[in-house]
Amino acid sequence: MNKITPDQLTSSLSALTIKSTLQIPSQSSNPTISSETCGLGWTFELYGSPAGVNTYGYNGYSRMQGPYRLSMAFESLSQTTTYQLASVECDFQVPNYGTSARLSKKDILPCSPLHIGDIAEYNVNSGYGNATLTCTVILSHAAAPSKPIAERISTITLDSMDGQHFVDTKVYAYTRRSNGGAINPRSFFIQSTIIDEYGCEPLSLLFGKAEGFHSQDALLDLHHLSESQESLEALDYEEDSDFDDDDAVDAQGYPLSEWKVGSKKSKKKSKNAASSAAHDPTLPNLLRDVPHSEILDAVGQFPNALRYGRIKVLSNGAYRTWRAIIRYIYTGGIQFAPLRSTKCPRPALEACSPKSVYRIADEYGMDTLKQMAYKEIVGGVTAENVIEEAFSYFAHMYPAVHDHAMKVLFEKKSDPKVKEGIMERFNTHGEGAMKPHEKETMNKIMAQLI
């Protein structure tokens, strides 16, 4: 295949677009028809069986029998770290005749050759001219390679040798839902410098570097929460499966009654330790205007309780979700649990709900993590659970998730389980049993099926 015109290049801040227009010979005895080198060194190939490539005439036509497999070889891209392959779109046309096909490939994995699609047989008349193949390749700017995990934390580790704190923020998040709210806060520690460097700007603002608190005016009792923060009145997303349901045990498997007793004891100790300390209401348990001698006495009595840093209490997600997200920022990896509608068990205690992660990633603009969670969500939607997923409030909140669930539902509409689920929902439609978002989904289904 020869180029009809030189490649056309269009550049923008986000991408580089290269269009190549190629002429396909009307006759060939070779099973593989290769193009000239295009773009940054890639080629296109049409491959068919020898019997399919040989042409034969009928009433002045030459028929190229197919199907033809169209692929792209792009090993040359591995030599550049500036761009990566984002998408390929190919238009096949026979001039003045009308035979055409459009093939496209997105979300490309870095493997060559890339199968773009198949072209069926086509007819060529010498009066119409040769067929053409127009290929548009879009390259996106390659993301900067992330630093190895050891390198991410090595600076912080070395700084700790000079007396700097390895962690400077204690984070509390709730583990259990109860009466529409949440209880049983649990904590983990973070180093805000890592979040600032490897997280996103909104998260950096949320947690913040605790440099402003490294003074005698910011001594914290890290093991004490105010009574108002030991529970959350209402959840912004009640279906969050990363919250455990309120029952007889807490998130670690201990009886809930023991945890409450322990909380009261530790609360009493904390109050005794800081009885003469004034608390700043803008930051939990911040000790200010305390005589230096009293601070030394308190530290001497409770050396593990008072330290410099800050406390963050999170109310927009479960402990399991937030801990997994922070681990992702630290390590680049995350373990998702199956969708609750699949009825599959959680593979590990730390495995988190992809829906819960999707919500927070969407809120804070963590696009890569959001895409990872999205793929996990849509990959778990099948005929077995598509009714539950399509009618869920989560799908209603996020159009991309809802659109995929509806697509699966209509593709599987002849499946007995899907039919049964639709009829069951239909029987309750209009009887006041449906929530507003469920009625909206049912209306969309009925509009398509009737």
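Here the sequence shown stands for residues 1 to 450, where the numbers follow full-length UniProt numbering.
Don't be surprised by glycine CBs; every beta carbon is placed ideally from N, CA and C.
Glycine 421 - containing alpha helix (DSSP H), residue span
In the DSSP assignment, glycine 421 falls within the alpha helix (DSSP H) that extends over 416–428.
Those residues which DSSP pairs with methionine 72 across a bridge
As computed with DSSP, methionine 72 is found in a beta bridge with Phe44 and Leu114.
Comparing alpha-carbon positions, which option in Cys352, Pro6 and Leu13 lies nearest cysteine 135?
It is Pro6 whose Cα lies nearest to the Cα of cysteine 135.
Which of helix, strand or coil DSSP assigns to proline 185
Proline 185: strand per DSSP, three-state reduction.
Please return the same chain residues whose Cβ sits closer than 6 Å to the Cβ of alanine 173, not counting the five positions on each side in sequence.
Once the five neighbours on either side are set aside, the close Cβ partners of alanine 173 are Leu314, Tyr319 and Trp322.
What separation, rounded to the nearest whole angstrom, lies between the Cα atoms of arginine 310 and methionine 366?
If I take the Cα positions, the gap works out to 24 Å.
For leucine 133 versus isoleucine 24, is the C-beta spacing smaller than 7 Å?
Taking 7 Å as the Cβ cut-off, leucine 133 and isoleucine 24 qualify as a contacting pair.
Pick out whichever of Asn130, Lys375 and Val137 has its Cα sitting closest to the Cα of methionine 72.
That would be Val137, whose Cα lies nearest to the Cα of methionine 72.
Which of the three DSSP states, helix, strand or coil, is assigned to glycine 180?
Here glycine 180 carries a coil assignment [DSSP, helix/strand/coil].
Could you pull out every residue in the same chain whose Cβ sits closer than 8 Å to the Cβ of arginine 346, ignoring the five residues on either side in sequence?
Closer than 8 Å at Cβ, skipping near neighbours: Ala337 and Pro338.
Straight-line CA distance for asparagine 179 to glycine 333?
The straight-line gap from Cα to Cα measures roughly 34 Å.
Check whether the Cβ atoms of threonine 169 and serine 192 lie closer than 7 Å to each other.
Taking the C-beta atoms as reference points, serine 192 is found nearer than 7 Å to threonine 169.
Determine the direct distance from the alpha carbon of lysine 3 to that of threonine 37, and round the result to whole angstroms.
Rounded to whole angstroms, threonine 37 and lysine 3 show a C-alpha spacing of 9 Å.
Since cysteine 200 sits in a beta bridge, which residues does DSSP pair it with?
DSSP lists no bridge partner for cysteine 200.
Whose C-beta lies closer than 6 Å to the C-beta of glutamate 388 among residues of the same chain, with five residues either side of it excluded?
Hits under 6 Å: Ser341.
DSSP three-state assignment for asparagine 443, whether helix, strand or coil
Helix, per DSSP.
What do you reckon, are the CB atoms on tyrosine 83 and leucine 9 nearer than 7 Å?
It is not a contact, given that the beta carbons lie outside the stated cut-off.
Go ahead and label threonine 368 buried or exposed: buried means 16 or more other beta carbons lie within 10 angstroms of its beta carbon, across all protein chains shown.
Exposed is the call here.
Selection from Ala383, Val401 and Asp403 that minimises the alpha carbon distance to aspartate 415
Ranking the options by Cα distance to aspartate 415, first place goes to Ala383.
Relative to the C-alpha of tyrosine 68, which candidate in Gln93, Ile33, Leu85 and Val94 has its C-alpha closest?
Nearest to tyrosine 68 by alpha-carbon distance, out of Gln93, Ile33, Leu85 and Val94, is Ile33.
What whole-angstrom Cβ distance do tyrosine 393 and alanine 373 have, given they're in contact under 8 Å?
With a Cβ gap of about 17 Å, tyrosine 393 and alanine 373 do not count as contacting.
When every heavy atom of the ligand PLP is checked, does at least one fall within less than 6 Å of the C-beta of glycine 432?
As far as ligands go, the structure on display features none, and thus does not contain the ligand PLP.
How many angstroms separate the CA atom of isoleucine 326 from the CA atom of serine 35?
Each residue's Cα considered, the two are about 48 Å apart.
Hey, could you find the ends of the alpha helix (DSSP H) isoleucine 18 is sitting in?
It is not in any alpha helix (DSSP H) - isoleucine 18 instead sits in the beta strand (DSSP E) that spans 15–24.
Is it true that the CB of glutamine 335 sits closer than 7 Å to the CB of alanine 351?
The answer is yes: Cβ separation under 7 Å.
Count the other C-beta atoms from every protein chain shown that fall within 10 angstroms of the C-beta of leucine 13, then say buried if there are 16 or more, exposed otherwise.
Burial call: exposed.
Name the two residues that bound the continuous alpha helix (DSSP H) containing leucine 339.
Neither: leucine 339 is in no alpha helix (DSSP H) and is coded neither H nor E.
Cβ of glutamine 93 within 7 Å of Cβ of serine 100?
For the pair glutamine 93 and serine 100, the CB atoms are nearer than the 7 Å cut-off.
Name the DSSP beta bridge partners of arginine 102, please?
Asp91, per the DSSP bridge assignment.
Closest to glutamate 45 by CA distance: which of Phe74, Phe207 and Tyr398 is it?
Residue Phe74 holds the alpha-carbon nearest to the alpha-carbon of glutamate 45 among Phe74, Phe207 and Tyr398.
Helix, strand or coil: which one does DSSP assign to tyrosine 170?
Here residue 170 is lysine; the residue named in the question, tyrosine, does not match the sequence. DSSP places lysine 170 in strand when its eight states are reduced to three.
Relative to the alpha-carbon of isoleucine 329, which residue among Gly432, Val418, Cys200 and Ala433 has its alpha-carbon at the smallest distance?
The shortest C-alpha separation from isoleucine 329 is found at Cys200.
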